[in-house]
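*Asks:* First, the structure itself, so that you have it in front of you.
Residue numbers (the numbering used here): 314 to 484.
Below you can see the structure in the form of structure tokens.
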């Protein structure tokens with residue numbers, strides 16, 4: 314049985330993730346947006362630590378909150394002036410975005426609450442998941458391995474960084 318403290322901590326962190334996620338996409342200052350995203354990534358690491366996945370929590374902090382955020386801020390600083398504010402969205406675009414967001418929330422809510430295992434117990438109960446299996450899946454070249462997508466995303470990130478440097482040099 315989980316303690317009340319863990320449940321309270323979960324809800325506090327979940328609310329923080331929701332609030333900072335909304336602030337990430339609604340703020341007009343891009344450096345503030347990157348900072349709010351950093352808070353979301355740290356809160357996600359807290360969720361991992363709470364589920365006793367210490368390795369995933371440490372990777373979340375080291376790779377995403379550390380490395381990827383440095384790349385984001387580096388790209389932001391290279392491509393535009395961080396003090397500039399973005400212009401406000403037109404009203405019809407705002408309503409279109411709000412409609413798409415609500416549709417996404419509805420689909421995710423339906424998927425979550427229609428799942429048969431969602432009845433107060435852990436969704437992965439009965440499944441033996443350890444770090445060795447996760448590592449084998451991530452670095453495997455088998456049918457369900459993730460090495461190729463992992464490498465494709467790393468090449469994509471490198472291309473984005475090079476593109477940001479090229480754009481910054483032209484200005």
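We treat Cβ as the ideally placed atom computed from N, Cα and C, and that holds for glycine.
Using the rule of at least 16 other Cβ atoms within 10 Å of the residue's Cβ for burial, across every protein chain shown, is residue 378 buried or exposed?
*Replies:* Burial call: buried.
*Asks:* May I have the straight-line CA-CA distance separating residue 414 from residue 407, to the nearest angstrom?
*Replies:* About 10 Å.
*Asks:* Please confirm if the region 372-386 is in contact with the region 341-355, defined as three or more CB-CB distances below 8 Å between the two stretches.
*Replies:* Segments in contact, yes.
*Asks:* How is the alpha helix (DSSP H) around residue 444 delimited, first residue to last?
*Replies:* Looking at the DSSP string, the run of the alpha helix (DSSP H) that includes residue 444 is 444-451.
*Asks:* Using the three-state DSSP reduction, which class does residue 346 fall into: helix, strand or coil?
*Replies:* Residue state, collapsed to three classes: helix.
*Asks:* Return the residue from the list 345, 346 and 363 that minimises the CA-CA distance to residue 318.
*Replies:* That would be 363, whose Cα lies nearest to the Cα of residue 318.
*Asks:* With a CB to CB cut of under 8 Å and the five nearest residues on each side skipped, what residues in its chain are close to residue 461?
*Replies:* Only 454 meet the Cβ criterion.
*Asks:* Which first and last residues belong to the alpha helix (DSSP H) in which residue 476 is found?
*Replies:* Run containing residue 476: 460-483, per the alpha helix (DSSP H) assignment.
*Asks:* For the alpha helix (DSSP H) containing residue 324, name the first residue and the last one.
*Replies:* Element bounds for residue 324: 317-339.
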